[in-house]
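Position one of the sequence shown corresponds to residue 1431 (this note's numbering), numbered consecutively onward. C-beta: ideal position from N, C-alpha, C; glycine also.
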Amino acid sequence: MKNLTELKAVNLDKLSIGEYSQFIERVVNLIVKATPEKLFLEDDLLPALQEKLVLLTEVIGQSYASQETKQLNELDKERNKLAVFLLSSFRLEKNSIEEDRKKAATELYNISKNYIGVQTFPMRQKTQFINGMTNDLYKAENKKHIVTLGLLKTLDLLDEKNKAYQTLSEGRSESQLANKVVSFKKVKKETNALYRRLTKFAFAGNLLHESAESMNFINLLNKLITETMNANKQRLALGVMSKTTPPKQDPKPTPSEDMM
């Protein structure tokens, strides 16, 4: 009587988007290597899994897009602060007792009046206005006044943050136009059903018509399941540790002799 090799159970619902997508990708690679025929799979099973893998890749792209939103919000906050600081500096320095600073601030204030309140503008309009403001302030006749007030680094940083915002927002807009929104929950449910079909056919095929390819597939899939769940446990454990480990505190200073 031959030994019966069963497929290990895998808790797919515990996996993150990245872990899940990687697991399915490696399963697809194992099927391709063994060939669907040797595993006694239905003709449509491998193409269906490959199609779901493409959708999972799109879901990961959507997750990245949400990270881009956070980056855009941070860049927007930074450029708001810089723009307000510059415009406020021009207004305050008009009252300077130093004649050269007073003159420089007055000139800059007069040419930047149209940009007052730019931090409250709609995002796209704000980007355009800040771009116009930095271009005006970089003109030779105005830049010398910026230098007089010691604000060149602030102007450079505002220009840098605004351009970074523009580049990131334009790239995201193109990506959003090119890709439809994909529901991870829906794709995962459909992929789970395909995976269950795969394991039933592969196990039954190996049981009834064992071959080197089918046996190797079962062993490699079991190994993949173990690796995936171990990696998942490690990730979750690290997350718990980071939440429960208290921050290191500086040792209390020892009282000096003259204080005793």
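So, with DSSP's three-state summary, where would you put residue i?
i	result
Gly1601	helix
His1575	helix
Asn1594	This sequence places Ala at residue 1594; Asn is not what is there. Residue state, collapsed to three classes: helix.
Asp1506	helix
Leu1519	The question names Leu, but residue 1519 in the sequence shown is Ser. Looking at Ser1519 - three-state DSSP - the assignment turns out to be helix.
Thr1435	coil
Pro1552	coil
Lys1653	helix
Gly1547	coil
Asn1525	coil
Leu1445	coil
Thr1487	helix
Ala1608	Here the model assigns Ala1608 a pLDDT of 47, short of 50, so the residue's position is not dependable and the matter cannot be decided.
Ser1451	helix
Starting from the Cα of residue i, find the closest Cα among the options and give me that residue.
i	options	result
Asn1662	Leu1434, Glu1436, Asn1441	Asn1441
Ala1570	Leu1582, Phe1559, Leu1668	Leu1582
Ser1489	Gln1452, Ala1478, Ser1518, Lys1463	It should be pointed out that residue 1489 corresponds to Val in this sequence rather than to Ser. Out of Gln1452, Ala1478, Ser1518, Lys1463, Gln1452 has the C-alpha closest to the C-alpha of Val1489.
Arg1665	Asn1652, Leu1445, Leu1437, Thr1435	Leu1445
Ser1486	Ile1447, Asp1474, Leu1517	The sequence as given places Leu at residue 1486; Ser does not occur at that position. Ranking the options by Cα distance to Leu1486, first place goes to Ile1447.
Lys1468	Thr1658, Phe1559, Thr1499, Phe1631	Phe1631
Phe1647	Lys1463, Asp1443, Leu1483, Lys1556	Lys1463
Leu1517	Ser1641, Thr1621, Asn1544	Asn1544
From residue i to residue j, what distance separates their C-alpha atoms?
i	j	result
Glu1472	Ser1613	26 Å
Asn1636	Glu1455	22 Å
Ile1655	Leu1638	23 Å
Gln1497	Gln1596	16 Å
Glu1643	Ala1667	36 Å
Gln1698	Leu1505	Here the chain covers residues 1431 to 1690 and nothing more, so residue 1698 does not appear.
Thr1564	Thr1536	17 Å
Asn1503	Leu1512	14 Å
Lys1574	Gln1501	33 Å
Glu1590	Gly1562	13 Å
Asn1572	Gln1555	23 Å
Asp1530	Ile1576	11 Å
Quick check on the burial criterion: 16 or more other C-beta atoms within 10 angstroms. Buried or exposed for residue i?
i	result
Ala1439	exposed
Gly1580	exposed
Arg1509	buried
Asn1592	buried
Ala1623	exposed
Glu1523	buried
Using beta carbons (cut-off 7 Å, strictly below), is residue i in contact with chain B?
i	result
Ala1634	Looking at the structure shown, chain B is missing, and only one protein chain is on hand.
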